[in-house]
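Visitor: Below you'll find the structure I mean.
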Amino acid sequence: MRIASTRALILFLFTSCYAFGATTPDELVAEVEAAIKARSGAAFQKCFNLAGTEPGAEKAMQSTIDKVFSWPSHYVFTSERVDEGPMQWVRDGVANTLNGEWMCNLNMYESKPPSKGLVFPAGFASGKCLILAAVKEDKK
């Protein structure tokens with residue numbers, strides 16, 4: 045009984061940690077790269093925590109997944125955040141503030157060296173990776 049309960053606890057802790065995503069920039073890059081290489085939309089979405097974002101975030105996320113999976117090759121890295129405070133962005137002429145503090149960007153590009161690509165504001169909250177959905181769509 046004790047062995048079974050210990051195994052159950054380990055399994056619970058493992059799945060809980062996996063569900064919360066990466067806790068370092070390197071882990072985040074590894075998870076994103078693995079999901080893209082596997083062409084797994086479900087695994088890709090598990091890399092991101094969209095809790096607290098606006099209702100349109102999931103639609104933007106799906107649009108991004110479709111774009112990334114259409115790339116013949118990809119390049120993923122993180123970059124340092126420069127300024128402080130919550131991210132500000134403008135949509136339809138109205139300023140919006142996305143939730144949370146963020147310390148780094150997750151950069152996804154279509155080729156290596158980087159050409160056109162996508163950047164997600166990303167940060168770390170309570171030791172868990174937090175990705176804020178802010179996708180800049182090409183107006184072509």
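Residue 116 in this note's numbering sits at position 72 of the sequence shown; the count goes up by one each step and never skips.
Note that CB positions come from ideal geometry on N, CA and C, so glycine has one too.
In this text the structure is predicted, and so the values were computed from the model without any measurement.
(1) Check the C-beta distance from C173 over to T67 and give it rounded, since I have them as a contact under 8 angstroms.
(2) Can you tell me where the alpha helix (DSSP H) with E77 in it begins and where it stops?
(3) So, is P69 buried or exposed, given that buried needs 16 or more other C-beta atoms within 10 angstroms?
(4) Which of helix, strand or coil does DSSP assign to A87?
(5) For the beta strand (DSSP E) containing S155, name the first residue and the last one.
(6) Can you tell me where the beta strand (DSSP E) with S92 in it begins and where it stops?
(7) For P165 and L72, what's the separation of their Cα atoms in angstroms?
(8) If you draw a straight line from the C-alpha of Y119 to the C-alpha of A78, how long is it?
(9) Just to confirm my understanding: we take E124, look at its own chain, exclude 5 residues before and 5 after, and list those with CB closer than 7 angstroms. What are they?
(10) Could you tell me the alpha carbon to alpha carbon distance between K10 and P99, rounded to whole angstroms?
(11) To the nearest angstrom, how far is it from the Cα of N151 to the Cα of A104?
(12) Measure the C-alpha to C-alpha separation of S114 and V76 and round it to an integer number of angstroms.
Guide: Working from what's here:
(1) Sequence index remark: in the sequence shown, residue 173 carries index 129 (1-based). Sequence index remark: in the sequence shown, residue 67 carries index 23 (1-based). Between C173 and T67, the beta carbon gap of about 6 angstroms places them in contact (Cβ cut-off 8 angstroms).
(2) What you label residue 77 is simply residue 33 of the sequence shown in a count that begins at 1. 69–81 is the span of the alpha helix (DSSP H), which, as asked, contains E77.
(3) For the purposes of this step, residue 69 is identified with residue 25 of the sequence shown, where counting begins at 1. Buried.
(4) Along the sequence shown, read from residue 1 onward, the residue named residue 87 stands at position 43. For A87, the three-state secondary structure derived from DSSP is helix.
(5) Working through the sequence shown from its first residue, we reach residue 155 at position 111. Unbroken run through S155: none, as it is neither H nor E.
(6) Looking up residue 92 in the sequence shown gives position 48. Here the sequence assigns Phe to residue 92, which means Ser is not the residue at that position. From DSSP, F92 is part of no beta strand (DSSP E); its letter is neither H nor E.
(7) The residue you call residue 165 lines up with position 121 of the sequence shown. The residue you call residue 72 lines up with position 28 of the sequence shown. Answer to the nearest angstrom: the Cα atoms are 13 angstroms apart.
(8) If you number the sequence shown from 1, residue 119 lands on position 75. If you number the sequence shown from 1, residue 78 lands on position 34. In a straight line, the C-alpha of Y119 is about 12 angstroms away from that of A78.
(9) On the sequence shown, residue 124 is found 80 positions in, with the first residue counted as 1. C148.
(10) Only positions 45 to 184 of the chain appear in the structure, and residue 10 is not among them; the question remains open.
(11) Taking the sequence shown and counting its residues from 1, one reaches residue 151 at position 107. Taking the sequence shown and counting its residues from 1, one reaches residue 104 at position 60. Straight-line Cα distance between these residues: approximately 16 angstroms.
(12) Taking the sequence shown and counting its residues from 1, the one referred to as residue 114 is at position 70. Taking the sequence shown and counting its residues from 1, the one referred to as residue 76 is at position 32. Taking the straight line from one Cα to the other gives about 15 angstroms.
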